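Take the position in the sequence shown, starting the count at 1, then add 22; the result is the number in our numbering.
Quick notes on the structure that follows.
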Amino acid sequence: MKGNVVVGQSGGPTAVINSSVAGVYAAAKKLGVNKVYGMVHGIEGFLEDKICDLDEYLADEAGIELLKRTPSAFLGSCRFKMPKIEGHEDVYEKVFEIMEKHDIECLFYCGGNDSMDTVKMLSDYAAAHNKSQRFVGVPKTIDNDLPITDHCPGYGSAAKYIATSMKEIIRDNASFGAQKPIVCIVEIMGRNAGWLTAAAALSRGSDCEGPDAIYLPEKVFDMDAFMEKVKELAAKKSSVVIAVSEGVHIADGRYVCELGREVAVDAFGHKQMSGTAVMLAQKVAEETGLKTRAIEFSTLQRAATHLASLTDINEAFQVGHDAVVAANEGKTGMMITLDRNGDDPYQCGTSAYDIHAIANVERKVPDEWITADGTNLTDDYVKYARPLIMGELLPLYVNGTPRHLVRK
């Protein structure tokens with residue numbers, strides 16, 4: 023590559039998305055790229071010519087190591103939806119105008135489904151208008167719902183946080199159930215794909231029985247069957263812990279969290295999920311008289327770098343690194359995928375795959391990994407997910423709390 027490059031971050035952050043930025047930077051510098059720019063708040067900021075020079079933060083190896091331990095999106099994220107090309111050519115021309123202004127040859131975008139759509143449209147526009155700039159997607163999503171790739175950077179760390187927190191909640195809930203059963207309902211992110219909620223199954227082990235039930239959006243949620251399950255469990259146990267995806271929905275398609283109320287909608291038309299656990303806990307309390315509590319992990323599950331998986335950190339760095347290698351080979355309109363080569367020991371490589379087969383396609387938890395009654399995960403899921411949560415990278419503590427790299 024003779025020109026400069028730029029990397030951006032988009033959508034919900036993860037505990038390891040910054041490792042991908044570090045990977046892009048390291049590979050580009052190794053290849054002799056002069057400037058590695060960062061978009062400030064993704065493509066939305068880039069359209070306003072908001073960029074930063076990453077040399078200011080990462081020229082020293084210590085900066086890269088600190089960035090790997092920094093949560094959220096170091097460069098700033100956005101939820102900006104690029105318009106359709108037809109009728110909005112001026113928006114796309116603006117992107118190329120800014121790229122030419124800064125002699126940017128390649129653009130790397132870290133994100134999930136909607137972000138890969140941005141990569142697709144930019145590369146399509148470049149091809150249709152004979153422009154030389156290249157565009158490569160760097161996968162990122164705790165939802166683990168991108169197709170083709172075996173898994174997504176960000177998922178392993180979120181799964182590790184969920185599994186760890188579930189073990190702690192199970193121990194805590196069991197402490198107070200001597201006189202009367204306590205039902206604890208834990209709400210985990212996941213609109214249409216239940217990968218995150220499935221991770222609650224990873225809490226199972228010799229020291230923990232795991233949650234008593236796990237409900238994913240892949241299966242229609244039957245309120246009556248749920249209530250019967252709770253009553254059955256409470257008749258046998260003093261402590262009941264249930265994991266439920268925020269996106270579980272009833273037979274008519276409505277999300278449980280929107281029953282009896284309206285929910286907000288974001289820029290992409292997605293309903294804002296929240297309140298599923300509270301709603302279910304209230305219903306259980308009203309119908310059974312049992313003591314209940316509702317816990318919502320919310321943003322904690324995507325921001326916990328203190329519990330990040332070392333495997334996840336390394337793979338996030340690798341996909342960023344290999345995106346640059348792919349662009350240097352002349353590839354564009356691609357996303358880097360993680361390709362599992364073995365489980366014992368776990369091995370995973372990468373490849374570049376056509377973005378058109380990935381953008382706007384949502385991968386869900388396979389039916390065969392969900393138990394027949396729809397309330398738990400099989401051992402096949404555990405075998406798939408366990409390697410992704412292995413290893414730790416300790417934070418760098420200063421004055422008792424983790425030190426993070428902060429953009430000026």
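By construction, the Cβ of each residue, glycine as well, lies at the ideal position given by its N, Cα and C atoms.
None of these values were measured; they are calculated from a predicted model.
For this session: Please name the residue or residues paired with T372 in a DSSP beta bridge.
Result: L360
Problem set entry | Candidates A345, D361, I39: closest to T354 by CA position | A345
Exercise. Tell me which same chain residues have a C-beta within less than 6 Å of the C-beta of V158, skipping the five on either side of it?
Worked result: F130, A345, A348, A349, M356
For this session: Specify the secondary structure class of T314 as computed by DSSP and reduced to three states.
Result: strand
Exercise. Starting from M61 and walking both ways along the alpha helix (DSSP H), at which residues does that stretch end?
Worked result: No alpha helix (DSSP H) contains M61, which is instead part of the beta strand (DSSP E) from 58-61.
Problem set entry | Cβ-Cβ separation, D172 to A215 (assumed contact under 8 Å), whole Å | Between D172 and A215 the Cβ distance is about 15 Å, and since that is not below 8 Å, they are no contact.
Problem set entry | Any alpha helix (DSSP H) of 4 or more consecutive residues that is wholly inside the segment 121-201 | 135-150, 177-196
Exercise. How is the alpha helix (DSSP H) around E66 delimited, first residue to last?
Worked result: 64-68
Problem set entry | Span separating the alpha-carbon of I120 from that of K72 | 10 Å
Problem set entry | beta strand (DSSP E) runs contained entirely in the segment 227-275, provided each spans 3 or more residues | 235-237, 261-267
For this session: List the DSSP bridge partners of Y277.
Result: H271
Problem set entry | E78 in three-state terms, based on DSSP | helix
Exercise. Does the segment 24-43 touch the segment 90-101, meaning 3 or more C-beta pairs lie closer than 8 Å?
Worked result: yes
Problem set entry | Cβ-based burial, A303 [other Cβ within 10 Å; buried from 16] | buried
Problem set entry | With 16 other Cβ atoms within 10 Å as the buried cut-off, status of Y183 | buried
Exercise. What's the C-alpha gap between T393 and G178?
Worked result: 22 Å
Exercise. Between the C-alpha atoms of I126 and F118, what's the straight-line distance to the nearest angstrom?
Worked result: 9 Å
Exercise. E1 by DSSP, collapsed to three states: which one?
Worked result: The shown model of the chain, from 23 to 430, leaves out residue 1, and the question about it has no answer.
Problem set entry | Whether P233 touches I264 by CB criterion (9 Å) | yes
Exercise. Which residues share a DSSP beta bridge with T423?
Worked result: V420
Problem set entry | Where N398 sits in the DSSP three-state scheme | coil
Exercise. Quick one: Cα of Y79 to Cα of A196, how far?
Worked result: 46 Å
Exercise. How long is the line joining the alpha carbons of R156 and R362, rounded to whole angstroms?
Worked result: 27 Å
Problem set entry | Under the three-state DSSP convention, the category G8 falls into | What the structure shows of the chain is the stretch from 23 to 430, and residue 8 is not part of that stretch, so it cannot be assessed.
Exercise. Beta strand (DSSP E) containing V29: first to last residue?
Worked result: 26-31
Problem set entry | Helix, strand or coil at V113 [DSSP, three-state] | helix
Exercise. How about the segment 185-192 and the segment 220-230: do they share at least three Cβ pairs that are nearer than 8 Å?
Worked result: yes
Problem set entry | Three-state secondary structure assigned by DSSP to E87 | helix
Exercise. So, helix, strand or coil for I411, using DSSP?
Worked result: helix
For this session: Going by DSSP, name the residue or residues bridged to D365.
Result: Y368
Exercise. Can you tell me whether H151 is buried or exposed, with buried defined as 16 or more other CB within 10 angstroms of its CB?
Worked result: exposed
Exercise. What is the rounded straight-line gap between the Cα of E318 and the Cα of T186?
Worked result: 15 Å
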